[in-house]
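Engineer:
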């Protein structure tokens with residue numbers, strides 16, 4: 001008697017918990033898109049293959065920068081294998097050439113559009129390294145044009161290495177859980193006529209680097225364009241909003257996107273790659289549309305604060321390093337030299353909440369991207385063999401205090417922790 | 001013959017040489033100068049970094065493009081050239097090719113070779129090793145080892161560690177050249193001891209007369225060489 005009563009009491013207690021858990025799971029599952037993302041369509045709808053469509057697809061693929069992520073250095077174009085370091089391990093990009101077995105040669109247009117929109121392929125849910133939340137905004141006709149272009153590329157039988165991820169992330173089933181917690185598809189697509197926003201939040205997927213990430217690599221709305229560290233490669237992407245971009249006119253910003261350089265500084269690190277592989281192909285009209293949109297973006301709630309107090313510690317050790325190592329090119333007042341050396345006053349390196357970019361540029365120098373508008377860039381020499389870590393910390397503190405109004409307190413240990421070049 | 005005034009010669013030099021036509025290139029290449037020297041002459045006391053000055057432009061271009069495209073591996077170099085297009089890399093290559101070749105040995109004070117190792121190194125340089133199918137260095141790099149246009153570099157005075165490292169890269173496939181890539185075969189055929197002996201010997205040679213690479217076709221290497229194919233020239 002007592003056993004039955006205990007079991008009954010337990011059931012009475014547990015059943016609501018189980019039901020509540022099931023209801024919560026069902027709700028979360030519905031919020032990540034329900035069952036639809038996991039139903040891969042099979043059809044054989046034909047896409048246009050005329051030269052105009054293919055050329056448009058090529059242009060759109062450039063803006064989406066498909067090739068940069070889906071090509072390993074020195075590897076066949078679109079054959080995948082590029083390394084993406086994340087907090088939980090390494091993901092390799094996939095082969096998207098027309099090879100039927102190793103690539104996407106036997107995907108129908110509907111299947112391609114489905115994968116781009118939902119991030120689920122016939123192999124299961126895709127890692128959110130693939131920006132499907134952004135590609136969900138791309139119009140049907142544009143997706144078809146991209147596919148038409150990809151189908152003209154040489155097939156490659158290359159197979160990327162298997163991903164190396166820690167459990168539970170190594171299981172694609174765990175990605176369903178990730179989606180339930182973090183993926184919230186937009187109810188409506190962006191109007192393609194709102195061209196700037198359509199490119200920025202669609203194919204351009206700018207937020208993948210320029211937003212602050214939340215838990216487990218998610219992109220919460222409050223971090224949109226708030227700036228953030230890029231996992232794995234040691235760079236910081238600055239916030240993108242009208243406040244941060246105040247010093248650019250619309251035309252200056254549009255020109256920066258196409259040339260990689262401006263009166264306010266040059267693209268370096270991953271942004272140089274984006275200009276080189278993608279943005280330099282922008283039409284002037286699209287570049288201007290992007291610039292106009294970015295200049296209207298409201299600062300995100302998570303936006304890192306900009307410092308307000310200039311702190312010019314002239315005579316400090318950092319100021320002395322600056323005078324003998326930097327001032328020749330960047331000017332004794334950080335004013336730069338138009339057309340050659342970028343100013344440090346107001347620069348991202350000086351003003352960003354994260355000093356990573358400044359330190360890495362001083363350590364290893366850089367050569368800005370070459371573009372039609374800037375075919376012969378001025379390089380910055382590396383200082384890793386001329387200055388020690390404490391001198392680099394001092395000079396970066398100096399320039400960030402002086403021209404970024406930042407209370408910068410880098411130590412030699414901080415600089416040492418940022419050493420090392422990741423070239424994937 | 002009309003008298004040539006220095007000013008006219010100077011003007012002619014500027015007009016004829018693309019490398020000197022723009023005086024801005026040296027300051028644009030400050031990143032290169034930090035390791036390779038202001039005139040691409042290499043750095044006295046640097047144990048690893050090779051000189052660039054006076055090497056064939058075709059060779060230099062292939063190396064720059066190789067760092068960009070993954071045919072050579074050096075993180076610092078790839079960091080700098082990875083977003084540079086062919087036109088800019090060609091201009092950089094042409095600039096360094098026009099500069100006077102390095103004149104001093106890299107490792108004049110480096111560990112001395114024993115007489116036996118020196119003799120072995122000199123034999124490999126002048127005669128090669130027929131038994132192992134290794135041609136003489138001089139058969140391809142020139143009797144004075146100053147290189148051959150448009151694609152074979154001088155080996156005089158390269159730092160020993162750099163040369164040893166390149167042989168390692170060829171052996172493990174991380175340095176690749178246009179096919180046929182004879183250096184891979186040479187690197188696989190030579191023993192580590194022979195590689196070290198030749199590298200040390202080369203590092204002690206100077207180019208006091210500033211010998212430039214032999215003109216294209218000045219001599220014919222014993223095997224077909226991908227680096228001499230016409231399209232390798234910038």
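Residue numbers (the UniProt record's numbering), protein chains in the order written: chain A, 1 to 424; chain B, 1 to 234. In this text, a Cβ means the ideal position worked out from N, Cα and C, and glycines have one as well.
1) Just to confirm the assignment: which complete alpha helix (DSSP H) runs, minimum length 4, are found wholly within the UniProt domain "Cytochrome c" (104-206) of chain B?
2) Note down the Cα distance separating residue 66 (chain B) from residue 400 (chain A), rounded to an integer number of angstroms.
3) Compare the C-beta of residue 276 (chain A) against all C-beta atoms of chain B and say whether one is closer than 8 Å.
4) Along the segment 350-366 of chain A, what residues have a CB closer than 8 Å to any CB found in chain B?
5) Let me make sure I understand the geometry here. Which of B:224, B:68, B:118 and B:76 has the alpha-carbon closest to that of residue 183 (chain B)?
6) Nearest-angstrom Cα distance between residue 325 (chain A) and residue 77 (chain B)?
7) Would you call the segment 151-167 of chain B and the segment 195-211 of chain B in contact, with 3 or more CB pairs under 8 Å?
8) In the DSSP output, what is residue 120 (chain A) paired with across the bridge?
9) On the criterion of 16 or more Cβ atoms from any shown chain inside 10 Å, does residue 7 (chain A) qualify as buried, or is it exposed?
10) In or out: residue 21 (chain B) buried (at least 16 other Cβ within 10 Å) or exposed?
11) Should residue 376 (chain A) and residue 88 (chain B) be called a contact, given that it needs their Cβ atoms to be closer than 8 Å?
12) If you run the structure through DSSP and keep just helix, strand and coil, what is residue 370 (chain A)?
13) Look at the Cβ atom of residue 199 (chain A), then the Cβ atom of residue 63 (chain A), and state whether they are nearer than 8 Å.
14) Pairs of beta-carbons, one from the segment 95-109 of chain A and one from the segment 146-163 of chain A, closer than 8 Å: are there three or more?
15) Starting from the beta carbon of residue 64 (chain A), find every residue of chain B whose beta carbon is closer than 8 Å, and list them in chain order.
16) Determine the burial state of residue 422 (chain A): buried for a count of at least 16 other Cβ atoms within 10 Å of its Cβ, exposed for fewer.
17) Suppose the cutoff is 6 Å on Cβ atoms and the five residues either side in sequence are ignored; what does the same chain contact list for residue 57 (chain B) look like?
18) Under the assumption that residue 426 (chain A) contacts residue 176 (chain B) (Cβ atoms under 8 Å), give the Cβ distance between them as a whole number of angstroms.
19) Using C-beta distances below 8 Å, list every residue in its chain close to residue 120 (chain A), excluding the 5 sequence neighbours before and after it, in chain order.
20) Please give the ranges of any alpha helix (DSSP H) in the segment 196-250 of chain A, keeping only runs that are unbroken, at least 4 residues long and fully inside the region.
21) Tell me which residue opens and which closes the alpha helix (DSSP H) that residue 384 (chain A) is part of.
22) Are the C-beta of residue 273 (chain A) and some C-beta of chain B separated by less than 8 Å?
23) Could you tell me which whole alpha helix (DSSP H) segments of length 4 or greater appear in the UniProt domain "Cytochrome c" (52-154) of chain A?
24) Helix, strand or coil, according to DSSP, for residue 214 (chain B) in the structure here?
25) Taking buried to mean at least 16 other C-beta atoms within 10 Å of its own C-beta, is residue 418 (chain A) buried or exposed?
26) Please determine, among B:155, B:24 and B:32, the residue with the shortest C-alpha to C-alpha distance to residue 80 (chain B).
27) Should residue 69 (chain B) be flagged as near chain A, meaning a C-beta pair shorter than 8 Å?
28) Does the beta-carbon of residue 119 (chain B) have 16 or more other beta-carbons within 10 angstroms, so that it is buried, or is it exposed?
29) Going by beta-carbon coordinates alone, are residue 210 (chain B) and residue 101 (chain B) separated by less than 8 Å?
30) Who are residue 265 (chain A)'s beta bridge partners in DSSP?
31) Quick check: is the beta carbon of residue 196 (chain B) nearer than 8 Å to any beta carbon in chain A?
32) Return helix, strand or coil for residue 13 (chain A), following the three-state DSSP convention.
33) Use the C-beta contact count for residue 407 (chain A): other C-beta atoms within 10 angstroms, 16 or more gives buried, fewer gives exposed.
34) Is it true that the segment 317-336 of chain A meets the segment 235-247 of chain A, where meeting means three or more beta-carbon pairs spaced less than 8 Å apart?
35) Output needed for residue 322 (chain A): all residues of its chain with C-beta closer than 7 Å, excluding positions within five of it in sequence on either side, in chain order.
36) Spell out the partners DSSP gives residue 165 (chain A) in its beta bridges.
Structural biologist: A quick look at the data gives this:
1) 115-126, 137-141, 160-172, 182-189 and 192-203
2) 36 Å
3) yes
4) 364, 365 and 366
5) B:224
6) 22 Å
7) yes
8) A:125
9) exposed
10) Legend: pLDDT at residue 21 (chain B) = 42, less than 50; position of this residue unreliable, value from coordinates given subsequently. Exposed, since its Cβ has fewer than 16 Cβ neighbours within 10 Å.
11) yes
12) coil
13) yes
14) yes
15) Going along chain B, no residue has its Cβ under 8 Å from residue 64 (chain A), so there is no contact; the nearest lies around 18 Å.
16) exposed
17) 93, 94, 97 and 234
18) Given that chain A is displayed from residue 1 to residue 424, the structure contains no residue 426 (chain A) and the question cannot be resolved.
19) 37, 38, 40, 114 and 126
20) 207-210
21) It is not in any alpha helix (DSSP H) - residue 384 (chain A) carries neither H nor E in the DSSP assignment.
22) yes
23) 66-69, 109-118, 132-135 and 140-150
24) strand
25) buried
26) B:32
27) yes
28) exposed
29) yes
30) A:262
31) no
32) helix
33) exposed
34) no
35) 395, 398 and 399
36) A:89
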